[in-house]
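Have a look at the structure below before the remarks.
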Amino acid sequence: MKSVNSSFWLYVLGVYILLQFLWWAWMLIDLNQQVHILEVNFYSQIENPTSAQAPTDDFVQRKIAMIIGEGSVFILLLALGFIQVKRALKKELEAAKKQRNFLLSVTHELNSPIAGVQLNLETILNRKLDTETRNQLLKNALQQNSRLKNLVENILTSTRLEENVLQLNLQPNNISELLQNITGDFKSASEAIDISNVQPEICALIDPLAFESVIKNILENAIKYNQKNSPIIITTKTEKGAVFIDIKDQGIGITNEEQQKVFARFFRIQNEETRTTKGTGLGLYIVKQLTELMGGEVFLSSKINEGSTFTIKLKTDDK
Numbered sequence: 275m276k277s278v279n280s281s282f283w284l285y286v287l288g289v290y291i292l293l294q295f296l297w298w299a300w301m302l303i304d305l306n307q308q309v310h311i312l313e314v315n316f317y318s319q320i321e322n323p324t325s326a327q328a329p330t331d332d333f334v335q336r337k338i339a340m341i342i343g344e345g346s347v348f349i350l351l352l353a354l355g356f357i358q359v360k361r362a363l364k365k366e367l368e369a370a371k372k373q374r375n376f377l378l379s380v381t382h383e384l385n386s387p388i389a390g391v392q393l394n395l396e397t398i399l400n401r402k403l404d405t406e407t408r409n410q411l412l413k414n415a416l417q418q419n420s421r422l423k424n425l426v427e428n429i430l431t432s433t434r435l436e437e438n439v440l441q442l443n444l445q446p447n448n449i450s451e452l453l454q455n456i457t458g459d460f461k462s463a464s465e466a467i468d469i470s471n472v473q474p475e476i477c478a479l480i481d482p483l484a485f486e487s488v489i490k491n492i493l494e495n496a497i498k499y500n501q502k503n504s505p506i507i508i509t510t511k512t513e514k515g516a517v518f519i520d521i522k523d524q525g526i527g528i529t530n531e532e533q534q535k536v537f538a539r540f541f542r543i544q545n546e547e548t549r550t551t552k553g554t555g556l557g558l559y560i561v562k563q564l565t566e567l568m569g570g571e572v573f574l575s576s577k578i579n580e581g582s583t584f585t586i587k588l589k590t591d592d593k
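Going by this note's numbering, the letters in the sequence shown line up with residues 275 to 593, in that order.
Shown next, in the form of C-alpha cells:
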C-alpha cells in the first residue's frame, strides 16, 4: 500500500482547523448570549427581588468548561497533525533524494554499455582486424547490448510494479531447465556458477519471464559482490508442496540492519567496498515483488565477510 503524501495531510489538517474555528465562533457567540441573559436577570433581581428568579451561572460554567476541553483536544490534535505532516514531508524528501540518486545511477548505467557497444563497433569499422578479433569484438558488443537490455527491462518492470499494472501468467514449468538456460546467459561467469546441486525435473508454478528476471537479478547481485574465483552455488529442493531455490555466494555479506532494507526500491548498500560498484537499487526490489506475485517468498541469510544466501520459495501447484 502506498503511503499518503503530505498534501493529503495538509488538506485534512486545514479542514479540521476550519471546522474547529467555526465551532469555537458558534460557542463564543452562544456563551456571550448566555452571559447577557444572566446580566439581565441579575439586574432584574436587584430592581424587583420578589419577581425575578435567582440567577445561576452553572450553564455558563459548563459552556466555559466545554470550550476549554475542546480547546485542549484541538491543540493536541493540531500538534499530532503537524507531526504527521512533518513525517510525510520527510518521507517525500527521502523519496525524492532516492529518485535523484536513481536517475544519476541510471544515467551512468545506460552510458556505460552504450559506450562499450560504440567502442567495439568503431574498432571493427576503423581497423583491419583478423576474423578472431573481429568476432570477439562483436561478442563484446552483444554482451554490452544484453546488459543494456536487462537494465531497461528492470526499469520498465519496476515502473509496472509500482503502478500495479504487471500481469503474470502462472503455469507449471520445469525450473531445472530454466535455471540451466539462465545460467548459460552468464557466459563470462559461467565457470563460477555451480548448478550441480540443481535437481532434475523440478516443476513450480511460475511465470517464466518473471522467474528469469528473479534469478538473473540475484545472480547479477551475487557476481558483483562475490570474491574473485569463488563459486556461486545454486541448490534446489522440494518440501511440503513447495520448491526452494538457494543461491549462495561468498561475497562481502550484508549487515543485519541492511538486510531489512535490501528489498526496498532504490536501496543500495553504502560502505567502502560497495561505493564504486555499479547498480540502480532496483534488482532486489524486483526479486521480492515478482516472487510474491508468483505466490512465493524470498528469504535472505547473510554474514559479513562470509557471503549471502538468497532463498526463493515457490509453489509446486495452484492449490
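Even glycine gets a Cβ: it sits at the ideal position worked out from N, Cα and C.
From a predicted model like this one, the values you see are computed outputs, not experimental measurements.
Item: Among residues of its own chain, excluding the 5 on either side of ILE492, which ones have a beta-carbon nearer than 7 Å to its beta-carbon?; Value: ILE521, VAL561 and PHE584
Item: Identify every run of the alpha helix (DSSP H) within the region 529 to 584, keeping only runs that are complete inside it and at least 4 residues long; order them along the chain.; Value: 530 to 533 and 557 to 567
Item: According to DSSP, simplified to helix, strand and coil, what is LEU350?; Value: helix
Item: Is VAL536 near ILE526, with beta carbons less than 9 Å apart?; Value: no
Item: Which residue or residues does DSSP assign as beta-bridge partners of ILE513?; Value: The displayed chain sequence assigns Glu, not Ile, to residue 513. ALA516.
Item: Between the C-alpha atoms of ILE449 and THR554, what's the straight-line distance to the nearest angstrom?; Value: 27 Å
Item: Less than 9 Å between the beta carbons of ASN447 and PRO482, yes or no?; Value: yes
Item: Please say whether LYS490 and ILE456 have beta carbons closer to each other than 9 Å?; Value: yes
Item: Determine, using beta carbons only, whether ILE560 comes closer than 9 Å to chain C.; Value: In the structure shown, chain C does not exist; there is a single protein chain.
Item: Of the choices VAL380, LYS502 and ASN419, whose alpha-carbon is the least far from that of VAL391?; Value: ASN419
Item: If we call anything under 9 Å between Cβ atoms a contact, is GLU436 one with ARG539?; Value: yes
Item: Rounded to the nearest angstrom, what separates PRO387 and THR512 at their Cα positions?; Value: 39 Å
Item: CB-CB under 6 Å to GLU546, same chain, minus the five flanking residues each way: which ones, in chain order?; Value: In this predicted model, GLU546 has a pLDDT of only 49, less than 50, meaning its place in the structure is not dependable; the value taken from the coordinates is given anyway. Here the set comprises nothing.
Item: When you compare each of LEU384, ALA362, ALA415 and ALA353 to GLU427 by their alpha carbons, which one comes out closest?; Value: LEU384
Item: If you check the beta carbons only, do VAL472 and LYS589 fall under 9 Å apart?; Value: no
Item: Tell whether a beta-carbon distance below 9 Å holds between THR603 and ILE467.; Value: Nothing in the structure corresponds to residue 603, since the chain is present only between 275 and 593.
Item: By the three-class DSSP mapping on this structure, what secondary structure does LEU444 have?; Value: coil
Item: Which partner residues does ASN471 have in the DSSP bridge list?; Value: THR509
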